[in-house]
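So for the sequence shown, this note's numbering puts the first residue at 8; every next one is plus one.
Note that CB positions come from ideal geometry on N, CA and C, so glycine has one too.
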Amino acid sequence: MAALAFLDKCFSPCFKRAISDSDTPLQVKRKKLMISVSVFIFTLVLFPALTKHFQGNPIYPLIADYLSLCVALTTITWLCVFRRQPTDNFITGAMFAYCIAIVVIDFDSHIQFGPAKWPYFVLVMDILLVSEHRTRVAYTFVGMCTFWLFLVMLEDAFRFGLYEIEGTPDREDRIKGFDCETPPCAKGFATSLSALLLQLLVFLVDFICTRGFAAAVLAEKNRILASIETANRIAVSRS
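Structure below.
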């Protein structure tokens, strides 16, 4: 509840612009969720994207940043300017674009020997589940992430050349200290498979917990709506 109150306070100007009196509780929740995520992503990505642009970084990480900015700005404009509803297809399209951006950013992070960015997939999955989206769509996104993690696992285990598809300006400065010809060195199948199983375990636990939470909230909402509907019928029959 404290988190929701904090979001209401931070994004209240956008919420007031986007939400109308005719919106259902589900539409209000979806609008608040999508606006909060979009504003957060836009703020988080804008400055790094400008920095990469003026520093002359490779084009593929910039594509991910530009895609994220475009989707976030489109969502904010769609909800706050045109005051349209965040339909299932709209949410699916936005989350699919974010998934593509996450794959590109994670790929660039592996090339730069940086931290993995795959945990952002968990955020996308949680958004789909909490927004009462179609569960099969969430399964599809989990499948996309699993495929990418499996591909990374094979590359880490056998080093078949995925990380060499595109070089980076500072790659030569980062390969010092490795004792193989094409760093990063292969980790071995057992080590890579263990890492993959751990990542999938994180996905499974988060999916079960979030889906259970979303189902409980939905059941409680339906119970309250049914009670209100019953009370209205009783009031009408007595009048």
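1) For GLU93, count the other beta carbons within 10 Å of its own beta carbon; 16 or more makes it buried, fewer makes it exposed. Which is it?
2) Note down, one range per segment and in chain order, each alpha helix (DSSP H) of at least 4 residues found wholly within the stretch 21 to 65.
3) Put PHE220 into one of helix, strand or coil per three-state DSSP.
4) Considering Cα atoms alone, identify which of PHE196, CYS77 and ILE98 is closest to PHE148.
5) If you follow the alpha helix (DSSP H) that ALA123 is in, where does it begin and where does it stop?
6) When you compare each of PRO32, ILE107 and LEU205 to ALA231 by their alpha carbons, which one comes out closest?
7) Would you call the CB atoms of ALA193 and PHE165 closer than 9 Å?
8) Look up ARG166 in the DSSP assignment and say whether it is helix, strand or coil.
9) At the level of alpha carbons, what is the spacing between GLY100 and LEU211?
10) Closest by CA to CYS216, which one among MET132, LEU156, GLY195 and HIS117?
11) Classify ALA25: buried if its beta carbon has 16 or more other beta carbons within 10 angstroms, exposed otherwise.
12) For ILE109 versus LEU40, is the C-beta spacing smaller than 9 Å?
13) Alpha carbon to alpha carbon, how far is GLN34 from GLU227? Give it in angstroms, no decimals.
14) Where do the N-terminal and C-terminal ends of the alpha helix (DSSP H) with LEU135 fall, by residue?
15) Between VAL35 and chain C, is there a C-beta pair that is closer than 9 Å?
16) What did DSSP end up calling GLN206 once you bin it into helix, strand or coil?
Looking at the atomic coordinates:
1) Counting from 1 along the sequence shown, the entry for residue 93 is found at position 86. At residue 93 the sequence reads Pro, which differs from the Glu that was named. Buried, because 16 or more other Cβ atoms sit within 10 Å of the Cβ of PRO93.
2) 32 to 62
3) Translated into the one-based positions of the sequence shown, residue 220 becomes position 213. The answer is helix: DSSP assigns PHE220 an H, G or I state.
4) Residue numbering aside, residue 148 sits at position 141 when the sequence shown is read from its first letter. When only C-alpha atoms are compared, the closest one is ILE98.
5) For the purposes of this step, residue 123 is taken as residue 116 along the sequence shown, with counting starting at 1. Where ALA123 is concerned, there is no enclosing alpha helix (DSSP H), given that its DSSP letter is neither H nor E.
6) Residue numbering aside, residue 231 sits at position 224 when the sequence shown is read from its first letter. Sequence check: residue 231 is Ile here, not Ala. Of the listed residues, the one whose Cα sits closest to ILE231 is PRO32.
7) By 1-based counting over the sequence shown, the position of residue 193 is 186. By 1-based counting over the sequence shown, the position of residue 165 is 158. In contact: ALA193 and PHE165 (Cβ atoms closer than 9 Å).
8) Here residue 166 is taken as the residue at index 159 of the sequence shown, counted from 1. The answer is coil: DSSP assigns ARG166 none of H, G, I, E or B.
9) Indexing the sequence shown from 1 puts residue 100 at position 93. Indexing the sequence shown from 1 puts residue 211 at position 204. Those two C-alpha atoms are separated by around 23 Å.
10) The residue labelled residue 216 in the question sits at position 209 within the sequence shown. Selected option, being the one with the closest Cα: MET132.
11) In the sequence shown, counting from the first residue as 1, residue 25 sits at position 18. By the 10 Å Cβ count, ALA25 comes out buried.
12) As a first step, residue 109 is located in the sequence shown; it is residue number 102 there, counting from the start. As a first step, residue 40 is located in the sequence shown; it is residue number 33 there, counting from the start. In this structure, LEU40 does not lie closer than 9 Å to ILE109 by Cβ.
13) Looking up residue 227 in the sequence shown gives position 220. Looking up residue 34 in the sequence shown gives position 27. Cα to Cα, GLU227 sits roughly 17 Å from GLN34.
14) Locating residue 135 in the sequence shown gives position 128, where the first residue counts as 1. Per DSSP, LEU135 belongs to the alpha helix (DSSP H) from 127 to 137.
15) Included in the structure is just one protein chain, with no chain C present.
16) Here residue 206 is taken as the residue at index 199 of the sequence shown, counted from 1. Helix, per DSSP.
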